[in-house]
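Asker: Numbering-wise (this note's numbering), the sequence shown opens with residue -11 and increments by one.
Don't be surprised by glycine CBs; every beta carbon is placed ideally from N, CA and C.
Let me give you the structure first, and then I'll get to my questions.
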Amino acid sequence: MATNPIHETVIVDRKRLNPRLVAIAGPLRDSIFVLPMQELSLGRDATNGLPISDPSVSRRHCLIHPEGSGFKLRDLDSRNGTLVNGEVVKDHWLHHQDEIAVGDSVFRFLTDDEEQTTGASRAVEFEDEKLPNSTAEIRPQDVLYLQPDKILSELPATSRLARNLNALLKISRVVHSIRDLDELQAAILDSIFGVAPAERGAILLDGTNGREFNSMFARHRDAKNEQPVRVSRTIAHRVLEQGIAILGSDVPGSTHLGAVESLIALQVRSLLCVPLTVFQRTFGCIYLDTISIADRFNDDHLQLVTAIAGICAVALENARRLQWLENENQRLLTEITLDRTLIGESSRMKDVFQFLARVAPSDATVLIGGESGTGKELAARAIHRKSPRASKPFVAINCAAIPENLLESELFGYEKGAFTGAVAQKKGRLEIADSGVLFLDEVGELAPSLQVKLLRVLQEREFERVGGHRPIHVNIRLIAATNRDLEEASRKGEFRQDLYFRLNVVSLTMPPLREHKEDLPLLVSFLVEKHCKKCGAKPKPLSREALACLQNYDWPGNVRELENVIERALVLGSSDDILPEDLPENLLERDPAPGVGEAKYHAALKDLKKRLILSALEEAKGSPTEAAKSLGVHPNYLHRLIRNLELKDTTKGSGSARPVGRNPGARL
């Protein structure tokens, strides 16, 4: 074979190549395709090695195949041709970074392993240079092609094409400057009324099934006419289902349209309905009609309104999606707020609310103490929600839930290559919380090394990522929570005293549930509604006897334990009310409050438990461990029963077991 000088320029060792196509435009944009060492066909047909869903691409458009030590592209007599670097080619040897245009799709041919495959990861370097005097400058508002009136003045006044182009340019500028869906639809119809003889217009957008309209906006040309606009469902559905435009210049005289009952009833003389299509999917239509005999739609109106629909379709779809996202965001925010709200009307909770209201407007660091399950994170979120930082991030991290070796990188982030597996830079929670609030739960569990780093953050408001050397400044408000006594821990040397002082600028102790039991009915009502909504069940009222059981319990797990109890009762309960038998056994083991009756079954069961325990203790000579063995239960379970049943366990070797409580005569 004769030596080809072009061939010589691309001869390389294919074994050392990493040949690939990077889609930089079209439906496959940002995708990467590794080229096999065999021919690869590109085209619209699914049988191609690289199918492209693009109507401007031929069924079999072009072929890329290895030849010699390089790759060659051959056009397969495609309808729109194949371009390489902007030039139409038939056969072409591919070079590194060649751009291949196939219809509306553009691919970059790459062979160099060091070449970045995505534009987003390329480094950008700025150079400060003095601009030459010959540099031309122009403001966007001065661009000729964005000024319809100037364009119109350059063309003959009688030019229909000029008027239509002017109308399209005007509506293009309008629709891409409006975000609100209703305002956008009103602007579109007003623009159409200016170029088409429509008396009424409507924009209909479909739902999820492609058959029904869930968004309808309509108006009369005469803005003072407030009568509803009636639309032919038959015509609108046909346009939506088939994706075609329908023009009826003379509806009464048309064989097909003249038989449509809705058009006859509305006395429509002329109509025009065009589809709204995005990415080959019809999601709505623009409907226009008139009852005027003199003014009728023609082919020119069909062409123009169809073009307007093409310009407006993406804007309408984006505005609709934006509206849905805003509504969904508002719904979720409302749901989160309701789901994460402190509940209570007792004096203890009122004190908490007053504290939160006073401390929220400031940027002071807050330390929240209290037992597990009392709502420390809810209090932190309430501070954030009422503060000037409410629109900024609230980032929470549980210091006890993450291993020490991972907590540092979670808090401070890390640089690429900082340790094995750090393949990319990662921001830490501190950086993510910039301008907002960082909530450190169980801060008392921080390792000493992390306590030192956190102290620096509180003092300097800066830190360094793991493996980094550049200080990162952050503007955060810190709220910390713990169920430990940090003051006592700092005295014992278990927690840095200087960090404790930094955290304890203002402090709040959340009250345990046993200290505000008057809030139980309100809490139960809220929890019942919350979990019924979650599982789609009907809310159940709490019976008087069940409420008495809840109020007679000390709640060591606080509100979190109460929530579990309520959810269990809703799941397992078989009646229309929450009854005592729907509650956990440990809530029923205590004696009822004075003046509250008790079901015979529960009273008999409780009495039997007391008898069995007292008998086992007596046989074991007061040893709970031995008594637990004889009963076949775990010693911890027996201790819980003794506590809940208000029985005094005797010491080992006492030889007797004496009951105490409200009913000392229950002993056998």
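Per DSSP, what are the beta-bridge partners of R62 in this structure?
Answerer: Looking at the DSSP assignment, R62 forms a beta bridge with L51 and D79.
Asker: What does the alpha-carbon distance come out to for the pair I299 and L28?
Answerer: If you take the alpha carbons of I299 and L28, they lie about 36 Å apart.
Asker: Can you give the Cα-Cα distance for W81 and L177, rounded to whole angstroms?
Answerer: W81 and L177: Cα-Cα distance of roughly 52 Å.
Asker: Any idea if W312 is buried or exposed, counting beta-carbon neighbours within 10 angstroms, 16 or more meaning buried?
Answerer: So W312 counts as exposed.
Asker: Give the range of the beta strand (DSSP E) segment to which R67 is assigned.
Answerer: Per DSSP, R67 belongs to no beta strand (DSSP E) and is neither H nor E.
Asker: When the Cα atoms are used, what is the spatial distance from V256 to D42?
Answerer: Cα to Cα, V256 sits roughly 38 Å from D42.
Asker: By DSSP's criteria, L466 is part of a beta bridge. Which residues make up the other side?
Answerer: In the DSSP output, where bridge partners are listed per residue, L466 has L426.
Asker: Could you check which residue in Q26, V72 and S44 has the C-alpha nearest to that of E55?
Answerer: Comparing Cα positions, the closest option is Q26.
Asker: Determine whether the beta carbon atoms of G14 and D92 lie at a separation below 8 Å.
Answerer: Yes, these two residues count as a Cβ contact at 8 Å.
Asker: Can you tell me whether P623 is helix, strand or coil according to DSSP?
Answerer: P623: helix per DSSP, three-state reduction.
Asker: Taking contact to mean 3 or more Cβ pairs, one atom from each stretch, closer than 8 Å, check whether the region 451 to 471 and the region 425 to 441 are in contact.
Answerer: Judged by Cβ distances under 8 Å, the region 451 to 471 makes contact with the region 425 to 441, as three or more pairs qualify.
Asker: Do we get a CB-CB distance below 8 Å when we pair L228 with the residues of chain B?
Answerer: The structure shown contains no chain B, having only a single protein chain.
Asker: Buried or exposed for T613, going by 16 or more other Cβ atoms inside 10 Å?
Answerer: So T613 ends up on the exposed side.
Asker: Closest to A190 by CA distance: which of D210, G182 and R218 is it?
Answerer: Considering only alpha carbons, the answer is R218.
Asker: In the DSSP assignment, the beta strand (DSSP E) including M204 goes from what residue to what residue?
Answerer: Element bounds for M204: F201 to H208.
Asker: CB-CB under 6 Å to R96, same chain, minus the five flanking residues each way: which ones, in chain order?
Answerer: If we look at R96 and ignore the five residues flanking it on each side, its Cβ neighbours are V10, I12 and E87.
Asker: In three-state terms, what does DSSP make of H244?
Answerer: Of the three classes helix, strand and coil, the one that applies to H244 here is coil, per DSSP.
Asker: Could you tell me the alpha carbon to alpha carbon distance between S478 and K522, rounded to whole angstroms?
Answerer: Straight-line Cα distance between these residues: approximately 43 Å.
Asker: Going by DSSP, what residue range makes up the alpha helix (DSSP H) through V445?
Answerer: Counting along the chain, the alpha helix (DSSP H) containing V445 begins and ends at P436 to E448.
Asker: Does the separation of the CB atoms of L496 and L438 fall below 8 Å?
Answerer: Going by C-beta atoms, L496 is not nearer than 8 Å to L438.
Asker: Mapping the DSSP letters down to three states, classify R417 as helix, strand or coil.
Answerer: Three-state result, R417: helix.
Asker: Rounded to a whole number of angstroms, what is the C-alpha to C-alpha distance between Q485 and G610?
Answerer: For Q485 and G610, the distance between alpha carbons rounds to 46 Å.
Asker: Classify D564 as helix, strand or coil using the three-state DSSP reduction.
Answerer: Correct three-state label for D564: coil.
Asker: Going by other Cβ atoms of all chains shown within 10 Å of its Cβ, with 16 needed for buried, is V262 buried or exposed?
Answerer: V262 comes out buried.
Asker: Can you look up L602 in the DSSP assignment and give me helix, strand or coil?
Answerer: It is helical.
Asker: So, do the region 381 to 390 and the region 331 to 349 have three or more beta carbon pairs nearer to each other than 8 Å?
Answerer: No, because fewer than three Cβ pairs between the region 381 to 390 and the region 331 to 349 fall closer than 8 Å, the two stretches do not touch.
Asker: If we ignore side chains and look at the alpha-carbon of each, how far apart do P572 and V553 end up?
Answerer: Going by the C-alpha atoms only, they are around 7 Å apart.
Asker: So, at 7 Å on beta carbons, what are the nonlocal neighbours of N152 in its own chain, with the 5 sequence-adjacent residues on each side left out?
Answerer: L292, listed in sequence order.
Asker: I need the DSSP call for E359, collapsed to helix, strand or coil.
Answerer: Looking at E359 - three-state DSSP - the assignment turns out to be coil, as it is neither helix nor strand.
Asker: Buried or exposed, going by whether 16 or more other CB atoms sit within 10 Å of the CB of G641?
Answerer: With a pLDDT of only 39 at G641, under the threshold of 50, the placement of this residue in the model should not be trusted; the figure read from the coordinates follows. Counting Cβ neighbours within 10 Å, G641 comes out exposed, since fewer than 16 surround it.
Asker: What is the C-beta distance between A303 and V163, in whole angstroms, given that I count them as a contact (C-beta under 8 Å)?
Answerer: So it is a contact: roughly 4 Å between Cβ atoms.
Asker: Using CA coordinates, which residue listed in G358, V454 and G363 is at the minimum distance from L399?
Answerer: Ranking the options by Cα distance to L399, first place goes to V454.
Asker: Consult DSSP for P263 and reduce its assignment to one of helix, strand or coil.
Answerer: DSSP places P263 in strand when its eight states are reduced to three.
Asker: When DSSP builds the beta bridges, which residues end up paired with P544?
Answerer: Bridge partners of P544: none, in fact.
Asker: Suppose the cutoff is 7 Å on Cβ atoms and the five residues either side in sequence are ignored; what does the same chain contact list for A(-10) look like?
Answerer: Per-residue confidence for A(-10) stands at a pLDDT of 41, beneath the threshold of 50, marking its modelled position as unreliable; no derived number is given.
Asker: So the candidates are M498, V493 and L446; which of them puts its Cα closest to the Cα of T470?
Answerer: For the residues M498, V493 and L446, the minimum Cα distance to T470 belongs to M498.
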